[in-house]
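Since the structure comes first, as structure tokens, the remarks are kept for the end.
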Amino acid sequence: MSNNASSPMGGSSDGDVDMDTDTLVNANGSGNDDDATTPRPEPINENAPVNIMPLLTRHQPKPEHHDVCIIGAGPAGLMLGLVLARFGIRPLILDERSDQTPAGRADGLQPKTIETLRMLGLADTLLQQSVKIYDITMWQSLSSSSGEHELRRLAREVHYPAFIVDLVDPFLLIGHQGMVEKVFVEDLAKRGITVKRCHKLDSVSVKDDGTTTTMEVQAAFNVTRDLRAFDTTYLVGCDGAHSRVRKMIVGPSDPGARDDRDEMSVWGVLDGEVDTNFPDIWTKCVVFSEQYGSVLIIPRERDMTRLYIEMRPDTDMAAADSNPARVQAAIMRRAAQIIGSDGRGQYRIRWRRVEWFGQYRVSQRVAPRFSCPVPTTTTPSEATARQQTPTPATVVIQAAAAAAADEEDQGEHRIFIAGDAAHTHSPKAAQGMNTALHDSWNLAWKLNLAIRGLARPSVLLESYSWERQKIARDLVAFDFTHAQEMSRGNPAALFDNFRKNVRFISGVGCEYAPNPLNLVPQGFSGDDKDNNNTRNGIDEDAAAAAAAVPGLPQLGARPGCTLPPGKVSRYIDANPVDVQLDIPVLGQFRLYFFIPDILSAPAAAFLVSLCGAIAEPESLMSRLSAAAGKSYLERPRVPSHEDIFKRPERYIAVSQFFAFSLITSTSKHLFEISDLPAILSRSPWTIYLDDRPDLDTRGLTCTEKYLGAPLQDGEVAIVNVRPDGYVGAVRRWDMSPGGGSEDPIETGREAARWLDAYFDGFLQVPEA
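Structure representation (structure tokens):
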């Protein structure tokens, strides 16, 4: 509803809106008829149009409240929205554009992103419509003294070598950003959520009634230019490199740390159909020209090709040239010169049509903060004054930034940024959209638990910055070297840098440092709580020592890392499945109990003791589960008609908060699911047999993959996985003679206490 009457922007407030009150009263026949100066009511013309603006202006409803307001409906904003919806949180999504991205922009999905989309049930359409890239080639052209221009292939490499990185989908998936947005928008629509388009963020003010603090978001509706107000508890800026929300966090003049060493590197981008005899047009290819610079070739969907073209300073296109036709012509001309289709070489490249083009400067930035608290009033009178006179956006921005910088008074973090709003870099390694999606993937489950009162906000919400800022810095460090080597035209150095970083590039190497959510072994017993070498929630001593800790697998399930692919058989229907993908995304922690022989007396006693201790009413896990059950009853997950096929109820019968799973090597014919303790027998779809190494990417059992080696007689283990698929904690116990955990009943209780201690680090049971 229009808010112009009270808006400082004024807008279209006309005389009708400002109509005199006395005139309104007398027009309704309730004035003083004895007063000769009072106008008599005019006869009613029933055919005259009715002006309802005065009533609308005087009786505007309160702004609708939303738990989360997302600014921006690019990949990051839509991803955050759809994951929140799966968890039962209906976000408000505002975007100033009238429609989704029609063409161009980001175009590459890395293997980890494909896996994440598989977990969400969103990968199939993109896999069908996009192009898969399995290899990469390098070409170089050297100009001879005679002026000849010869282009030669130097190398061909597998894009994701299996001996370096273990992947289910070992390819780069290419499809333009709008295709991803379309899949996301359609998924949101299935859950009854639509993007409010043509809404541009105008201001944010604080509302504080002395007991609760929220934010009022004012957005300008592009069609009518009026301001519309929305109330929110959390605000997330997914509004791109020029983010207004970022200014609320870091201040208006601090876009983030920048490296200017590559300031003069300007690149052009072209998407379209080409006519060419270049042999590697359908693979990812880098072409170096000693004289003219570099081209990166990417095959695209719908028979298209993308070219990234280096525009050196000697190009006849000025970087500031604003004429699109001249810019496009200069980019195409330089591409022809590099590949040799200007008449100097053996290959031609001509454009049948161009769908999209652009140019950009390489700029690597990371915002100094990814979140901040909301400034609050301290007394009811101050709250009333603030409600009567909303704080201008500039004041809120400054206040929030100051509060974020105040180490003594952090408060609960309520404002966040993700994607390009938080970090920028070159697009040549296909990282931007992938990193943005996983920013949102990381934040969504944390917001869900905070909104439900199950989180310790000072730990869980702030961990978003701890974890994603590290990834952004790692990305910028890699990207700077990658962009430099691309510009320098050194194929050997570029390949070497690519190999060294291929795990990170694929996404599976994006690893979080030890913190309360990612416990290395020395934290299992809680003996690190007095560690003084802790900064931003990250135990730096633990981070330095993690690689050398005995018992922590160097590959496989490691805290702060994603699960590697593991093949198992589902007991109930004998289907071979990828265990890391099989349990749907419902916001649960997944607890995998690795017990090779459940028929052995020690293992059976351990399992009964562990499950019994978890189920005890006074255990933290039991109380968290009960609180979550109540919360999801009041605020259920947003359903989709596709749930009839996915059957989420299979995975929440025991707990809305935890998914309990057994992985065993015991033969199926030797036990029944009903023989297991209740928290497992009531979850038959999460009982797995570790018997499919023949289908594994490396021919290993799931136990070997996750724990680094087979479990020996008397050994058991637990892998605790966060709602975003990252490993939170891993531990094994040895109940064999001399193993240190000879009493299986006490060992089961110890394992339950270990789990409680982990969750107590960042979760809480809300007050009744």
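Start counting the sequence shown at 350; every next residue gets the next number (the working numbering).
Where is the CB? At the ideal position from N, CA and C, for every residue including glycine.
Against chain B, with Cβ distances strictly below 8 Å, would residue i count as a contact?
{"i": "Lys979", "result": "Among the chains of the structure shown, chain B does not appear; only one protein chain is present."}
Which residues in the same chain as residue i place their Cβ atom closer than 6 Å to its Cβ, once the five residues preceding and following it in sequence are excluded?
{"i": "Leu466", "result": "Ala472"}
{"i": "Gly1110", "result": "Pro865"}
{"i": "Thr1046", "result": "Asp515, Pro914"}
{"i": "Val440", "result": "Before going further, note that residue 440 is Pro rather than Val in the sequence given. Val417, Ile419, Gly430, Leu433, listed in sequence order."}
{"i": "Ala793", "result": "Leu429, Val432, Leu433"}
{"i": "Ser638", "result": "Ser490, Ile687"}
Taking 8 Å as the cut-off, decide whether the C-beta atoms of residue i and residue j are in contact.
{"i": "Arg697", "j": "Glu622", "result": "no"}
{"i": "Leu1038", "j": "Val857", "result": "no"}
{"i": "Asp456", "j": "Ile523", "result": "yes"}
{"i": "Asp1073", "j": "Asn783", "result": "no"}
{"i": "Ile1067", "j": "Leu912", "result": "no"}
{"i": "Pro945", "j": "Leu868", "result": "no"}
{"i": "Ser592", "j": "Ile766", "result": "yes"}
{"i": "Leu824", "j": "Pro1115", "result": "no"}
{"i": "Arg655", "j": "Val618", "result": "yes"}
{"i": "Leu584", "j": "Val566", "result": "yes"}
{"i": "Pro510", "j": "Val851", "result": "yes"}
{"i": "Pro905", "j": "Lys795", "result": "Note on residue identity: the sequence assigns Gly, not Pro, to residue 905. Going by C-beta atoms, Gly905 is not nearer than 8 Å to Lys795."}
{"i": "Pro985", "j": "Gly426", "result": "no"}
Taking DSSP as the reference, what is the three-state secondary structure of residue i?
{"i": "Arg735", "result": "Note that Arg735 has pLDDT 44, beneath the 50 cutoff, so the model's placement of it is unreliable and the number below is only indicative. DSSP places Arg735 in helix when its eight states are reduced to three."}
{"i": "Arg1081", "result": "strand"}
{"i": "Lys411", "result": "coil"}
{"i": "Thr486", "result": "strand"}
{"i": "His772", "result": "strand"}
{"i": "Trp705", "result": "strand"}
{"i": "Phe844", "result": "helix"}
{"i": "Phe637", "result": "strand"}
{"i": "Gly1088", "result": "coil"}
{"i": "Ala1066", "result": "strand"}
{"i": "Phe512", "result": "coil"}
{"i": "Asn867", "result": "strand"}
{"i": "Leu1118", "result": "This structure does not reach residue 1118, given that the chain is present from 350 up to 1117, and the question cannot be answered."}
{"i": "Cys547", "result": "coil"}
{"i": "Cys859", "result": "coil"}
{"i": "Phe1111", "result": "coil"}
{"i": "Pro1026", "result": "coil"}
{"i": "Asp828", "result": "helix"}
{"i": "Ser1032", "result": "coil"}
{"i": "Ala1058", "result": "coil"}
{"i": "Leu1104", "result": "helix"}
{"i": "Val534", "result": "helix"}
{"i": "Tyr813", "result": "helix"}
Could you tell me which residues DSSP puts in a beta bridge with residue i?
{"i": "Cys721", "result": "Ile764"}
{"i": "Met564", "result": "Val555, Thr581"}
{"i": "Met660", "result": "Val615"}
{"i": "Lys481", "result": "Leu522"}
{"i": "Gly621", "result": "Thr654, Val703"}
{"i": "Thr911", "result": "Tyr1075"}
{"i": "Ala952", "result": "Partner(s): none; Ala952 has no beta bridge."}
{"i": "Asp588", "result": "BP columns for Asp588 are empty, so no partner."}
{"i": "Glu506", "result": "Ile485"}
If you drop the 5 nearest sequence neighbours on each side, which residues of the same chain put their C-beta closer than 8 Å to that of residue i?
{"i": "Tyr920", "result": "Lys1017, Ile1022, Pro1033, Ile1036, Tyr1037, Leu1038"}
{"i": "Arg1098", "result": "Ser958, Leu959, Ala962"}
{"i": "Glu395", "result": "Any answer about Glu395 is weak, because its pLDDT of 45 lies below 50 and its placement is not dependable; what the coordinates show is given next. Excluding residues within five positions, none has a Cβ falling inside 8 Å."}
{"i": "Asp652", "result": "Glu622"}
Cα-Cα, which of the options is closest to residue i?
{"i": "Asp1119", "options": "Asp927, Gly527, Gly1063", "result": "Within the shown structure, residues of the chain are numbered from 350 to 1117, placing residue 1119 beyond reach of any answer."}
{"i": "Ser974", "options": "Ser1004, Ser949, Asp992, Ala950", "result": "Ser1004"}
{"i": "Thr1096", "options": "Pro966, Tyr1075, Cys960, Asn924", "result": "Cys960"}
{"i": "Lys335", "options": "His990, Val1070, Thr450", "result": "In the structure as shown, the chain starts at 350 and stops at 1117, and residue 335 therefore has no counterpart that could be examined."}
{"i": "Glu530", "options": "Leu576, Ala422, Gly559", "result": "Ala422"}
{"i": "Gln459", "options": "Gln477, Thr560, Lys481", "result": "Lys481"}
{"i": "Pro673", "options": "Gly707, Gly978, Leu935, Glu811", "result": "Gly707"}
{"i": "Thr625", "options": "Tyr981, Ala679, Asp557, Arg699", "result": "Arg699"}
{"i": "Pro951", "options": "Ala590, Ala778, Cys721, Trp1082", "result": "Trp1082"}
{"i": "Arg1031", "options": "Phe1020, Asp1040, Ala1002", "result": "Ala1002"}
{"i": "Asp448", "options": "Arg805, Gly527, Glu816", "result": "Gly527"}
Give every residue of the same chain whose Cβ lies closer than 7 Å to the Cβ of residue i, excluding the five residues on either side of it in the sequence, and list them in chain order.
{"i": "Lys549", "result": "Glu445, Ala568, Ala569, Asn571"}
{"i": "Arg718", "result": "Ile598, Val599, Ala753, Ser814"}
{"i": "Ala1101", "result": "Leu959, Ala962, Ile963, Ser968"}
{"i": "Thr1015", "result": "Asp946, Ile947, Leu948"}
{"i": "Met681", "result": "Leu619, Trp700"}
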